[in-house]
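Residue numbers (my numbering): 280 to 826. By construction, the Cβ of each residue, glycine as well, lies at the ideal position given by its N, Cα and C atoms. Here the structure comes first, spelled out in structure tokens, and everything after it is commentary.
This is the structure we're talking about:
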């Protein structure tokens, strides 16, 4: 009888009795015990009560641990490694993948469940070469709509004009970022900030300042340095300078991504060798690999052999690629270096006018004629150089000299061979990029990654879906040094996509380049579902990533 009432006391306590004295008095009356005797058993009561509470607490903890924030069930998982797809349930807590279970019959409890039957689940895509200002356009919906969840900024040698990049990163992190941002330090920008500017041989003081700026940027969390040696002032940098900087990048565990000195057929291999020299000090990466004027599979393979030979010598070298035959950059790319900064363009027009006209005419003809240059900004936007010349009733070289100038427009240039580019795409060391931005008038800015799926996986079958996903996720993350992204793996960040490849569409064209891609059913950034179909469901899930 007494045992029964002791058990009753424990149950009473576990249900939340608030007044210890009242509880003891209640039991004493029931058992006909004196309070003195009852108090002698207080230690036993306390032990039993504590055990009961601990047991109840453990049950609650176990229940909480078995509950997840998001469950994705019935999906075919492509994990980003290049391995074959497999069926699994993927469970997410917070911003990370908490569990991957290949037993699809097992039951889990989650705040939200997505039935992904008929869909592929992949890591979010990583754009290794992107442009844009996150302080101006932080949502980056052009990237997000084609499945990109992380972009790499600071490309072609240009990063924010700030000596303190850490402060800039803090400002960006305060914005509602649509995607994650990985930052690189731009060599051209650092040259200007250091005071070296257009000097071919920097002073030791200038070089020390340049090295310190680079070191500070890497310490702030930049993943490496980019160069844009076809642009000013990087054009004036010599190998000795670049090698010294490469050594700093290597010591900090970074990578150099390079818009090389010259991508033309006659010079591209020499430009690659210049980059490979820096590869003795750190991993190196060819940005938007191409051979301007080059044609065919054999020409592409000769370039790839140069890279393979370097790997056999221990150099880590990779490349990225965008799936279009037209490039896009400032119109200054057409002008000779002596007509660009730091030279006075108006003075050039006065003193070297005929020489400049001849140069531009030959250059444009070499680049497939004026109809192959599509103006992307300024008053002649969306017109070819041929159309501009006809409108102005003057030769195209004079229209370029007099009415546009070296800094008057950007343009798309139809100068690449499709077979050659497709050969690059198939190489196992080449990944995918956009080289695009929210404002650029080129379809790659809104469609490059969707085009890989639509054109090269579904239509041409040039790549398997697993190969394509690897080139857009795991390979990219490994190359730039993202430790916990790019794969579907327990403990990795939950940047995820759900889609049917046959439903993914590019939509952007050269005529209408700002059309968002479509076909992604769900997009998850850092554990948050940010898009369902074409509808944004959340914003600001992106982060500034640091090395």
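Beta carbon of residue i nearer than 9 Å to that of residue j
| i | j | result |
| --- | --- | --- |
| residue 528 | residue 560 | yes |
| residue 705 | residue 754 | no |
| residue 544 | residue 575 | no |
| residue 453 | residue 717 | no |
| residue 512 | residue 470 | yes |
| residue 731 | residue 602 | yes |
| residue 403 | residue 804 | yes |
| residue 600 | residue 711 | yes |
| residue 691 | residue 652 | yes |
| residue 785 | residue 425 | yes |
| residue 664 | residue 429 | no |
| residue 466 | residue 521 | yes |
| residue 390 | residue 348 | yes |
| residue 766 | residue 460 | no |
| residue 660 | residue 688 | yes |
| residue 253 | residue 569 | With the chain covering 280 to 826 only, the question about residue 253 has no answer from this structure. |
| residue 446 | residue 492 | no |
| residue 614 | residue 562 | no |
| residue 801 | residue 722 | no |
| residue 444 | residue 490 | no |
| residue 674 | residue 476 | no |
For residue j and residue i, believed in contact at Cβ under 8 Å, the rounded distance
| i | j | result |
| --- | --- | --- |
| residue 526 | residue 571 | Not a contact, Cβ separation roughly 30 Å. |
| residue 455 | residue 478 | With a Cβ gap of about 41 Å, residue 455 and residue 478 do not count as contacting. |
| residue 773 | residue 358 | Their Cβ separation, rounded to whole angstroms, is 13 Å, which puts residue 773 and residue 358 out of contact at 8 Å. |
| residue 379 | residue 367 | 5 Å |
| residue 432 | residue 395 | The pair is not a contact, with the Cβ atoms about 31 Å apart (cut-off 8 Å). |
| residue 422 | residue 458 | 5 Å |
| residue 604 | residue 536 | Incorrect: roughly 22 Å between the Cβ atoms, too far for contact. |
| residue 636 | residue 671 | With a Cβ gap of about 15 Å, residue 636 and residue 671 do not count as contacting. |
| residue 794 | residue 728 | Their Cβ separation, rounded to whole angstroms, is 14 Å, which puts residue 794 and residue 728 out of contact at 8 Å. |
| residue 405 | residue 351 | Actually they do not touch by this definition, with Cβ atoms about 20 Å apart. |
| residue 538 | residue 758 | Not really, about 16 Å apart at Cβ, beyond 8 Å. |
Bounding residues of the alpha helix (DSSP H) (the contiguous stretch that carries residue i)
| i | result |
| --- | --- |
| residue 644 | 632–645 |
| residue 830 | In the structure displayed, the chain extends from 280 to 826; residue 830 sits before or after that span and is not available. |
| residue 725 | 723–730 |
| residue 527 | 518–530 |
| residue 764 | From DSSP, residue 764 is part of no alpha helix (DSSP H); its letter is neither H nor E. |
| residue 791 | Note, residue 791: premise wrong, no alpha helix (DSSP H); not H, not E. |
| residue 749 | 744–751 |
| residue 698 | 697–705 |
Buried or exposed by the 16-neighbour rule on C-beta atoms within 10 Å, applied to residue i
| i | result |
| --- | --- |
| residue 468 | buried |
| residue 756 | buried |
| residue 464 | buried |
| residue 519 | exposed |
| residue 645 | exposed |
| residue 414 | exposed |
| residue 328 | Caution is warranted here: a pLDDT of 44 is assigned to residue 328, below 50, making its placement in the model unreliable, and no coordinate value can be reported. |
| residue 480 | exposed |
| residue 588 | exposed |
| residue 764 | buried |
| residue 739 | exposed |
| residue 770 | exposed |
| residue 337 | Its pLDDT being 44, under 50, residue 337 is placed unreliably in this model, and the value from its coordinates should be taken loosely. When all chains shown are included, residue 337 counts as exposed. |
| residue 820 | buried |
| residue 708 | buried |
| residue 813 | exposed |
| residue 658 | exposed |
| residue 827 | Outside the displayed range of the chain (280 to 826) lies residue 827, so it cannot be described from this structure. |
| residue 401 | buried |
| residue 510 | buried |
Terminal residues of the beta strand (DSSP E) in which residue i lies
| i | result |
| --- | --- |
| residue 460 | 459–462 |
| residue 438 | Taken as a continuous stretch (DSSP letters only), residue 438 belongs to no beta strand (DSSP E), as it is neither H nor E. |
| residue 352 | 346–356 |
| residue 710 | 709–711 |
| residue 405 | 404–406 |
| residue 683 | No beta strand (DSSP E) holds residue 683; DSSP gives it neither H nor E. |
| residue 582 | Not the beta strand (DSSP E): residue 582 falls in the alpha helix (DSSP H), residues 575–591. |
| residue 393 | 388–394 |
| residue 563 | 563–565 |
In DSSP terms, what residue i is bridged to
| i | result |
| --- | --- |
| residue 483 | None, per the DSSP bridge assignment. |
| residue 506 | 537 |
| residue 690 | 608, 654 |
| residue 369 | 351, 379 |
| residue 779 | In DSSP, residue 779 forms no bridge with anything. |
| residue 431 | 461 |
| residue 802 | 776, 810 |
| residue 824 | 461 |
| residue 600 | 711 |
| residue 399 | 355, 778 |
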